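Chemist: Residue numbers (our numbering), protein chains in the order written: chain R, 1 to 278; chain P, 1001 to 1278.
Here a beta-carbon is modelled for each residue, glycine too, at the ideal position from N, C-alpha and C.
The model shown is predicted, which means the values in this text are computed figures rather than measured ones.
First, the structure itself, so that you have it in front of you.
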């Protein structure tokens, strides 16, 4: 594991790493922010970013460092897809391939060998964070947009691994919107049964749930809301399930990191509450 | 004046504009952040960015919005040079031309018609901010690296226009370092007398001063410190002058926006103090 950059930021350290991923069979990069007072560290968070993002977007734009230090939380932010490959159509669309891993394990030729972001996050990144700080599973998951979809689906499928789940403007029903359908087809072929394993609405409808409420913030001026994100479908799905949902609709906010930064502190405190309970 | 983008961020608005600059004779872009509670607005700030930056860097990376809203301050962040031109050598170096306007008024052929960032900031941006919010001159100036040089030189030459001056890791003696010498030559030719009008050390040594202390924060792990920034030359210059300097050397911090974000709140509160005094 190679340190690419390290910066003191408030009372902590923002660091960028590169490692050889066993799961994606590529080099992968991620960012970590950790409080300098290690005695004060109380839990870990995995942050999943949206389309076109890298390991840098959250850590440079969300203004998280001061709050993470104060709360005693470590955050790890993986990249959104493998890099350095040249698979068919990998670099032609912002909705598929490079920067658009969708946090699933692909089954189509070429992609199945590398685009395994579900396992990469849920195993490799999870284990790395858990081991490095001896968290003993005291880890929560969160994300934005495509990364919100990742947090919801990974969290719902592994309720015992994550203390809590939250998302900003998540894609909530990717099987049912045009562009994500195309990406699902590219990664998973025509097996719609398999698609449903990576769709938050379908997971809840098929009985998956997390014991703690899921926290979602959503701006009402978000250009993707509601038709691309299908927030209402998830609201409807949880009504018929054991899953509790706290959905905050935020007036005038859009889909950007300006919105994420605004409500980040409330999400970090939400997670801290569950990370501190036994 | 055209609004390019507008985002709600915390309790305020981050907006990007484009206008036809009379002074640079090009289109110019800038960012503004303003608190949504206009009754609470108490003053204006001009932020000048460093080499390679645009109007976006500060406003996306420094985490300023929450604090600006709380303190009731409006900030305006201009781009660092004219754009859309194709002057000789304009796009070949990160130290000269595009993204490297050095906040001076060029006198060399081609550049003298457009690279007039001193007047652009001190007149066009200043007047725009002053008029838009009826600040009646209640404006301070600050910046980072090359923008710190801009804040120091513009502020020292116009002590009556700016209530206070501050800088993060500023270039303090550009006449005396290699790369800035080359840029000065490109913009101003061989007239060293003219160079000295855009050098903070030379300005202080020739009797310029601001009635209030200048606040500077400097990281001791900054890769440009001290040889490229020549911080020690400014410390030495102010000793023989009327200018007061508060220089905070910050252990372990580097030249990045991670450093700027860390100490931004203290700079904003420093300016607020002078913006509120009559």
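Quick check: residue 1232(P) and residue 1204(P), are their CB atoms within less than 7 Å of each other?
Modeler: Taking 7 Å as the Cβ cut-off, residue 1232(P) and residue 1204(P) do not qualify as a contacting pair.
Chemist: Restricting to Cα atoms, I'd like to know which of 1237(P), 1140(P), 1164(P), 1106(P) is closest to residue 1190(P).
Modeler: Nearest option by C-alpha distance: 1106(P).
Chemist: What residues match up with residue 78(R) in a beta bridge as DSSP calls it?
Modeler: DSSP lists 30(R) as partners of residue 78(R).
Chemist: Quick one: is residue 1252(P) near chain R, going by C-beta distance under 7 Å?
Modeler: By this cut-off, residue 1252(P) is an interface position.
Chemist: Residue 1280(P) lies in the alpha helix (DSSP H); which residues open and close that run?
Modeler: The structure shown has nothing for residue 1280(P), since chain P only spans 1001 to 1278.
Chemist: Distance cutoff 7 Å, beta carbons only. Does residue 1095(P) sit that close to anything in chain R?
Modeler: False, the Cβ-Cβ gap to chain R never drops below 7 Å.
Chemist: Judging by CA-CA distance, which residue of 1024(P), 1035(P), 1018(P) is the nearest neighbour of residue 1008(P)?
Modeler: If we check each option's Cα against that of residue 1008(P), 1035(P) comes out closest.
Chemist: What residues from the region 7-30 of chain R come within 8 Å of chain P, judged by C-beta to C-beta, listed N to C?
Modeler: Flagged, chain order: 7, 8, 9, 10, 14.
Chemist: Would residue 41(R) be called buried (16 or more neighbouring beta carbons within 10 Å of its own) or exposed?
Modeler: Buried.
Chemist: By the three-class DSSP mapping on this structure, what secondary structure does residue 10(R) have?
Modeler: In this structure, residue 10(R) counts as coil in the three-state DSSP scheme.
Chemist: For residue 1274(P), name the three-state secondary structure that DSSP assigns.
Modeler: Three-state DSSP puts residue 1274(P) in a helix.
Chemist: Run through the DSSP bridge pairs and tell me what residue 250(R) is partnered with.
Modeler: Paired residues: 219(R).
Chemist: Which whole-angstrom value describes the C-beta separation of residue 1043(P) and residue 1130(P), a residue pair presumed to lie in contact below a C-beta threshold of 8 Å?
Modeler: The pair is not a contact, with the Cβ atoms about 11 Å apart (cut-off 8 Å).
Chemist: So is the beta-carbon of residue 1069(P) under 6 Å away from any non-hydrogen atom of the ligand GDP?
Modeler: For the ligand GDP, the structure offers nothing, since it holds no ligand at all.
Chemist: Select from 1276(P), 1147(P), 1265(P), 1078(P) the residue whose C-alpha is nearest the C-alpha of residue 1065(P).
Modeler: Minimum Cα distance to residue 1065(P) is reached at 1265(P).
Chemist: Which residues of chain P have a Cβ atom closer than 8 Å to the Cβ of residue 258(R), listed in chain order?
Modeler: In chain order: 1007, 1008, 1009, 1014, 1065.
Chemist: Under a Cβ-count criterion, where at least 16 other Cβ atoms within 10 Å of its own Cβ denotes burial, should residue 218(R) be classed as buried or exposed?
Modeler: Buried, because 16 or more other Cβ atoms sit within 10 Å of the Cβ of residue 218(R).
Chemist: Give the residues of chain P in contact with residue 61(R), contact being defined as C-beta atoms less than 8 Å apart.
Modeler: In chain order: 1060, 1061.
Chemist: Compare the C-beta of residue 262(R) against all C-beta atoms of chain P and say whether one is closer than 7 Å.
Modeler: With 7 Å as the cut-off, residue 262(R) counts as an interface residue toward chain P.
Chemist: Shortest alpha-carbon distance to residue 228(R) belongs to which of 134(R), 145(R), 150(R)?
Modeler: Ranking the options by Cα distance to residue 228(R), first place goes to 145(R).
Chemist: Are at least three pairs of beta-carbons, each pair with one atom in the region 1180-1197 of chain P and one in the region 1207-1225 of chain P, less than 8 Å apart?
Modeler: Output reads no: the region 1207-1225 of chain P does not touch the region 1180-1197 of chain P.
Chemist: Between which two residues does the alpha helix (DSSP H) carrying residue 1236(P) extend?
Modeler: First-last of the alpha helix (DSSP H) with residue 1236(P): 1231-1239.
Chemist: Using 7 Å as the threshold, is the C-beta distance between residue 1220(P) and residue 1169(P) below it?
Modeler: No; because the gap between Cβ atoms is not below 7 Å, this pair is not in contact.
Chemist: Answer yes or no: do residue 1010(P) and residue 1057(P) have a C-beta to C-beta separation smaller than 7 Å?
Modeler: Against a cut-off of 7 Å, the Cβ pair of residue 1057(P) and residue 1010(P) comes out as no contact.
Chemist: For residue 111(R), which of 122(R), 187(R), 91(R), 81(R) has the nearest alpha-carbon?
Modeler: Cα-wise, what sits closest to residue 111(R) is 187(R).
Chemist: Threshold first: 4 residues or longer. Then list the alpha helix (DSSP H) segments lying entirely within the region 1099-1147 of chain P, N to C.
Modeler: Fully enclosed alpha helix (DSSP H) runs of 4 or longer: 1126-1132.
Chemist: Looking at the structure shown, is residue 224(R) part of a helix, part of a strand, or coil, going by DSSP?
Modeler: Coil.
Chemist: Over the uninterrupted alpha helix (DSSP H) stretch that includes residue 1165(P), give me the two end residues.
Modeler: No alpha helix (DSSP H) holds residue 1165(P); the beta strand (DSSP E) holding it covers 1165-1168.
Chemist: Name, in chain order, the residues that DSSP records as bridge partners for residue 1073(P).
Modeler: Answer is 1043(P), bridged to residue 1073(P).
Chemist: With distances taken from CA atoms, which of 32(R), 12(R), 151(R) is nearest residue 3(R)?
Modeler: Closest by alpha carbon: 32(R).
Chemist: Assuming residue 1046(P) and residue 1125(P) are in contact, meaning their beta carbons sit under 8 Å apart, how far apart are those beta carbons, in whole angstroms?
Modeler: Their Cβ separation, rounded to whole angstroms, is 6 Å, which keeps residue 1046(P) and residue 1125(P) in contact under 8 Å.
Chemist: Only counting the same chain, and skipping five residues up and downstream in sequence, which positions put a Cβ closer than 7 Å to that of residue 94(R)?
Modeler: Contacts found: 51, 52, 100.
Chemist: Using a Cβ-Cβ cutoff of less than 6 Å, which residues in the same chain neighbour residue 1179(P) once the five nearest sequence positions on both sides are dropped?
Modeler: The answer, listed in chain order, is 1095.
Chemist: Please classify residue 90(R) as buried or exposed, where buried requires at least 16 other C-beta atoms within 10 Å of its C-beta.
Modeler: So residue 90(R) ends up on the buried side.
Chemist: Leaving out the 5 sequence neighbours to the left and right, which residues in its chain are closer than 6 Å to residue 1246(P) when beta-carbon positions are compared?
Modeler: Counting only Cβ-Cβ distances below 6 Å, and skipping sequence neighbours, we find 1213, 1215.
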